[in-house]
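Residue numbers (the numbering used here), protein chains in the order written: chain A, 1 to 551; chain B, 1001 to 1357.
By construction, the Cβ of each residue, glycine as well, lies at the ideal position given by its N, Cα and C atoms.
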């Protein structure tokens, strides 16, 4: 019985991943000959010979590199302030910084569009005077970077400030007593110790921005294209599946490399933390200089959050006066369109898929965490990357693979919502693992050992001891995977059939139709999504869970 | 008179919210002297070291290091050695580079650094560890590396904050002996902070006992045990048999009255006290003579017998609630006593102490 259970824990995630991820991806990669008269190699060569695609690949790297660099530059001083000072409102600021992370990217995109849109007097002035954020001519590179910085900022701040505050402060003091000036301490001690954590966080951000989809698709306006959006265009605009698959192949190779780098440096960072973990010790604001630093951090937080606030306020104004028209008119089928979906139906869809995602992704994540947690071999990093790989595989590629893989002579699931939910599960379960694994690792072998010593069977150890300790993490991971499902855009856009439209897909539909009314609808719908995400965020905060810093 | 390395003059420190972390602390440390700073947790021991190192600034008072007031000097320019209980080895540097850190900060030549580190490595018998990373070291090895790192720049003052705190008992004894030898050989001036009385007494020539931020007593270990200056000191150094008594003055003879009955004191024990004053009578466990029936002996029952290093300890029940502790060196016991035995006992009154109540 015990044997069977542990085999089940190991086998079930593996089977799930093989059936729903690796088989579809492999199928995608090897089914080219059937799809086209061009072979696989030929497509790769075609990409290599076409300057346009080389530009796309180059731009993908460039924007990811610049975005990552900018995020780090903006976030690191904030991490420093958070690791050093205690000040009034710190915990609130930290909690609010979670908002952009849990908020679906499409909400941020809409918020930025509104922010630079024609109805913002500040932006009007900037556009007129400086011709700076001119959004009229198609895409805007600055907006893409701003979106990435806002979206990824909170991840870096959480990851690194958490790591930084947990470092043993005595180390700096020993260095000082040994003759190191504050500047020398930073160069010889602080920075080298932080380096693995910085590289790990940086590679995670690089990967997220490398495969960023919604931001580029909408803010790039067809003018800027990355591999991810190009895959999408190849499928839907040019109907050239071989190019899409070849691009996916290149992208997967790169993301796997980045994931491996992440994994190696993350485990180094964890080792450092294990060695030097000390009590958290913060200093109060004492000097003018301290005050300036803390104020700059708070200002950054406000700036990062401002687009969301602006969006909410803007949604209640139509033609310059207070109005709820954009909300109420969501329910009116003006064109008597066959494809009209009531916003209630769309919200219901999202809730339903979110629910299904949670009930599969959470147990799946628990099984994987369990397996990774007990795994002590030197292949731990590779195994970790293997299970975490959906973090890096582009959502569009995933969507495409599922569309093609889940139909064959035996079953045809393409017309059902199954591929959509599977995509959401695959995208959200790594986050479940990342939330549960640290808690699981914190249950020492002594605790489990003493429980076994007291006569508990492994099953009892799990249900009576581990499950209660994990319960909070499990709840948080449930909220997280729900939020991810609610906000998922790339795979959903590709897979969703009209009647199964989710909120982000619906927002995009509004956005891709002309007219101010549709834009107002997109704004109203985004606010609905934002409020739902905020609800999830409040739930997480209510659970008072602070341990998700360890990705 | 030896030169003083460190002079602390009326140092006080309050933290935000908490008052009197340290109040009015004054003492000196002489060249080649080891002073143990002893006190319960929260008594301000570590804060005292942090103030001397410059990691915190005192609210008032003066710290003189080698005759120089260091008030305005930043920690990295004070040149003292400090070792924390958690050792705080630099996790990203190997053993050699950990030890060399202070020398590099002091801009030593590469060759001199190598010589100095090698010297310390062999002195502490850890030559074989020099290329190792810090996470592969055992507790005792880490401790030696941290000590070598603190010693490397030849600090005029070495401060050790619970340096053996995280080790097990056997290793502590071993390292304590080693450290004593090392300090003596190198002729170091040391402040040794610990909450462990045994540790402090075995290493310190003098002991500063702190209580709630104030100095309770500065004395040699022997003095502190035999002549504790207050009830707190007596309590802290583990004095047993503290008996509340009232002074009686009869016919030019002095008596004390407590649960042991009325006992006569040798005259030299007291000056300037009056009948009715309250005191604490301290009877050393070795001053209780067991098994000799005389006219003034009391009767007790052996409740418990404990075996200590080299002695037997008897817990003797006098009545329903009062217990005395007596010790006899093993081999000295006149007759075998067993648990439950009734035993006559009396006191060597020349060896008792009287403390203010």
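**Asked** DSSP three-state call for residue 1301 (chain B): helix, strand or coil?
**Response** Taking the second chain and counting its residues from 1, one reaches residue 1301 (chain B) at position 301. Reduced to three states, the DSSP call for residue 1301 (chain B) is strand.
For residue 181 (chain A) and chain B, any beta-carbon pair shorter than 7 angstroms?
In the first chain, residue 181 (chain A) corresponds to position 181, counting from 1. Closer than 7 angstroms to the CB of residue 181 (chain A) there is at least one CB belonging to chain B.
Q: Would you give the residue range spanned by the alpha helix (DSSP H) that residue 524 (chain A) belongs to?
A: For the purposes of this step, residue 524 (chain A) is taken as residue 524 along the first chain, with counting starting at 1. Its alpha helix (DSSP H) spans residues 516 to 542.
Q. Cα-Cα, which of B:1220, B:1153, B:1281 and B:1092 is closest to residue 1077 (chain B)?
A. Taking the second chain and counting its residues from 1, one reaches residue 1077 (chain B) at position 77. Sorting B:1220, B:1153, B:1281 and B:1092 by C-alpha distance to the C-alpha of residue 1077 (chain B) places B:1153 at the top.
**Q.** Cβ contact (3+ pairs, closer than 8 angstroms) linking the stretch 1068 to 1075 of chain B and the stretch 188 to 205 of chain A
**A.** Touching, no.
Open item on the list: Cβ closer than 9 angstroms: which chain A residues qualify as neighbours of residue 1105 (chain B)?
Closed with: To locate residue 1105 (chain B), count along the second chain from 1; it is residue 105. From the beta-carbon of residue 1105 (chain B), the residues of chain A found nearer than 9 angstroms are 175, 178, 179, 180, 181, 184 and 188.
Q) Of all the CB atoms in chain A, is at least one closer than 7 angstroms to the CB of residue 1312 (chain B)? A) Here residue 1312 (chain B) refers to the residue found at position 312 when the second chain is read from its first residue. Not an interface residue.
Quiz item: Going along chain B in order, which residues have a C-beta closer than 9 angstroms to the C-beta of residue 271 (chain A)?
Solution: Taking the first residue of the first chain as position 1, residue 271 (chain A) is located at position 271. For residue 271 (chain A), the chain B residues whose C-beta falls within less than 9 angstroms of its own C-beta are 1091 and 1135, listed in chain order.
What first and last residue would you give for the alpha helix (DSSP H) that runs through residue 483 (chain A)?
In the first chain, counting from the first residue as 1, residue 483 (chain A) sits at position 483. Where residue 483 (chain A) is concerned, the enclosing alpha helix (DSSP H) stretches over 467 to 487.
**Message:** Report the CB separation of residue 165 (chain A) from residue 82 (chain A) in whole angstroms; it is logged as a contact under 8 angstroms.
**Reply:** Taking the first chain and counting its residues from 1, the one referred to as residue 165 (chain A) is at position 165. Taking the first chain and counting its residues from 1, the one referred to as residue 82 (chain A) is at position 82. Right, the Cβ-Cβ distance comes to about 7 angstroms (below 8 angstroms), so this counts as a contact.
**Item:** C-beta atoms of residue 217 (chain A) and residue 229 (chain A) nearer than 7 angstroms
**Value:** Taking the first residue of the first chain as position 1, residue 217 (chain A) is located at position 217. Taking the first residue of the first chain as position 1, residue 229 (chain A) is located at position 229. Taking 7 angstroms as the cut-off, the Cβ atoms of residue 217 (chain A) and residue 229 (chain A) count as close.
Q: Give me the Cα-Cα distance between residue 463 (chain A) and residue 457 (chain A), rounded to the nearest whole angstrom.
A: Numbered from its first residue, the first chain carries residue 463 (chain A) at position 463. Numbered from its first residue, the first chain carries residue 457 (chain A) at position 457. Between residue 463 (chain A) and residue 457 (chain A), the C-alpha separation is close to 10 angstroms.
* Asked: For a contact meaning CB atoms closer than 9 angstroms, what does residue 278 (chain A) contact in chain B?
  -> As a position in the first chain, residue 278 (chain A) is number 278, starting the count at 1. The contacting residues are 1086 and 1088.
Between which two residues does the alpha helix (DSSP H) holding residue 1194 (chain B) run? Residue mapping note: residue 1194 (chain B) aligns to position 194 of the second chain, counting from 1. Run containing residue 1194 (chain B): none in the alpha helix (DSSP H); it sits in the beta strand (DSSP E), 1190 to 1194.
Exercise for the section: Determine the direct distance from the alpha carbon of residue 369 (chain A) to that of residue 430 (chain A), and round the result to whole angstroms. Expected result: One-based indexing of the first chain puts residue 430 (chain A) at position 430. One-based indexing of the first chain puts residue 369 (chain A) at position 369. Rounded to whole angstroms, the separation of the alpha carbons of residue 369 (chain A) and residue 430 (chain A) is 9 angstroms.
Notebook entry, point to check: By DSSP, does residue 1144 (chain B) sit in helix, in strand, or in coil?
Noted result: Walking along the second chain from the start, residue 1144 (chain B) turns up at place 144. Helix.
* Going by DSSP, which residues form a beta bridge with residue 1242 (chain B)? -> Mapped onto the second chain, residue 1242 (chain B) falls at position 242. DSSP lists B:1282 as partners of residue 1242 (chain B).
Check: What first and last residue would you give for the beta strand (DSSP E) that runs through residue 1358 (chain B)?
Finding: Any answer about residue 1358 (chain B) is impossible in this case: the structure gives chain B only from 1001 up to 1357.
Using DSSP bridges, identify the partner residues of residue 1314 (chain B). Your numbering for residue 1314 (chain B) matches position 314 in the second chain. Residue pairing by DSSP puts residue 1314 (chain B) in a beta bridge opposite B:1305 and B:1326.
Using CA atoms only, rank isn't needed, just tell me which of B:1228, B:1173, B:1169 and B:1026 is closest to residue 1283 (chain B). Walking along the second chain from the start, residue 1283 (chain B) turns up at place 283. Ranking B:1228, B:1173, B:1169 and B:1026 by Cα distance to residue 1283 (chain B) puts B:1228 first.
Taking only runs of the alpha helix (DSSP H) that begin and end inside the stretch 1108 to 1163 of chain B, which ones reach a length of at least 4 residues, in chain order?
Every alpha helix (DSSP H) stretch that sits fully inside the stretch 1108 to 1163 of chain B and reaches 4 residues is listed by chain position as 1110 to 1123 and 1139 to 1151.
- Query: Could you give the distance in angstroms between the alpha-carbon of residue 291 (chain A) and the alpha-carbon of residue 75 (chain A)?
  - Reply: Working through the first chain from its first residue, we reach residue 291 (chain A) at position 291. Working through the first chain from its first residue, we reach residue 75 (chain A) at position 75. Cα-Cα distance, rounded: 18 angstroms.
*Considering residue 1289 (chain B), what are the terminal residues of the beta strand (DSSP E) in which it resides?*
Taking the second chain and counting its residues from 1, one reaches residue 1289 (chain B) at position 289. Here the beta strand (DSSP E) through residue 1289 (chain B) covers 1288 to 1290.
N- and C-terminal bounds of the alpha helix (DSSP H) containing residue 103 (chain A): Translated into the one-based positions of the first chain, residue 103 (chain A) becomes position 103. Residue 103 (chain A) -> no alpha helix (DSSP H), and no H or E assigned at all.
field: Residues of the stretch 1030 to 1062 of chain B with Cβ closer than 9 angstroms to any Cβ of chain A, in chain order
entry: Residues passing the 9 angstroms Cβ filter: 1050, 1053, 1054 and 1055.
Residue 1262 (chain B) and residue 1281 (chain B) closer than 7 angstroms at C-beta: Mapped onto the second chain, residue 1262 (chain B) falls at position 262. Mapped onto the second chain, residue 1281 (chain B) falls at position 281. In terms of Cβ geometry, residue 1262 (chain B) and residue 1281 (chain B) do not form a close pair [threshold 7 angstroms].
So which residues of chain B does residue 88 (chain A) contact, with C-beta pairs closer than 8 angstroms?
For the purposes of this step, residue 88 (chain A) is identified with residue 88 of the first chain, where counting begins at 1. Ordered by position in chain B, no residue passes the 8 angstroms Cβ test against residue 88 (chain A), which lies about 14 angstroms from the chain.
Could you tell me the alpha carbon to alpha carbon distance between residue 1200 (chain B) and residue 1034 (chain B), rounded to whole angstroms?
Within the second chain, numbered from 1, the residue matching residue 1200 (chain B) stands at position 200. Within the second chain, numbered from 1, the residue matching residue 1034 (chain B) stands at position 34. Each residue's Cα considered, the two are about 10 angstroms apart.
Notebook entry, point to check: Roughly how many angstroms lie between the CA atoms of residue 1204 (chain B) and residue 1224 (chain B), to the nearest whole one?
Noted result: As a position in the second chain, residue 1204 (chain B) is number 204, starting the count at 1. As a position in the second chain, residue 1224 (chain B) is number 224, starting the count at 1. Taking the straight line from one Cα to the other gives about 12 angstroms.
- Could you name the residues of chain B that residue 529 (chain A) contacts, counting a contact when the two beta carbons are closer than 9 angstroms? In the first chain, the residue the question calls residue 529 (chain A) occupies position 529. Close to residue 529 (chain A), with beta-carbon spacing below 9 angstroms, lies no residue of chain B; the smallest spacing is near 44 angstroms.
* **Segment limits, alpha helix (DSSP H) that includes residue 573 (chain A)** => In the structure displayed, chain A extends from 1 to 551; residue 573 (chain A) sits before or after that span and is not available.
**Prompt:** Which residues, in order along the stretch 188 to 206 of chain A, keep a beta-carbon less than 7 angstroms from a beta-carbon of chain B?
**Reply:** For the stretch 188 to 206 of chain A, the beta-carbon criterion of a distance under 7 angstroms to any beta-carbon of chain B is satisfied by 189, 192 and 193.
>> Residues in the same chain with beta-carbon distance under 8 angstroms from residue 316 (chain A), minus the five sequence neighbours each way, listed in chain order, please.
In response: Indexing the first chain from 1 puts residue 316 (chain A) at position 316. So the qualifying residues of the chain are 322, 323 and 324.
Hey, could you find the ends of the alpha helix (DSSP H) residue 1222 (chain B) is sitting in?
Taking the first residue of the second chain as position 1, residue 1222 (chain B) is located at position 222. Taken as a continuous stretch (DSSP letters only), the alpha helix (DSSP H) holding residue 1222 (chain B) covers 1221 to 1226.
Look up residue 1346 (chain B) in the DSSP assignment and give the residues it is bridged to. As a first step, residue 1346 (chain B) is located in the second chain; it is residue number 346 there, counting from the start. Bridge partners of residue 1346 (chain B): B:1289.
**Prompt:** Does DSSP put residue 504 (chain A) in a helix, in a strand, or in coil?
**Reply:** Here the question's residue 504 (chain A) lines up with position 504 in the first chain. Looking at residue 504 (chain A) - three-state DSSP - the assignment turns out to be helix.
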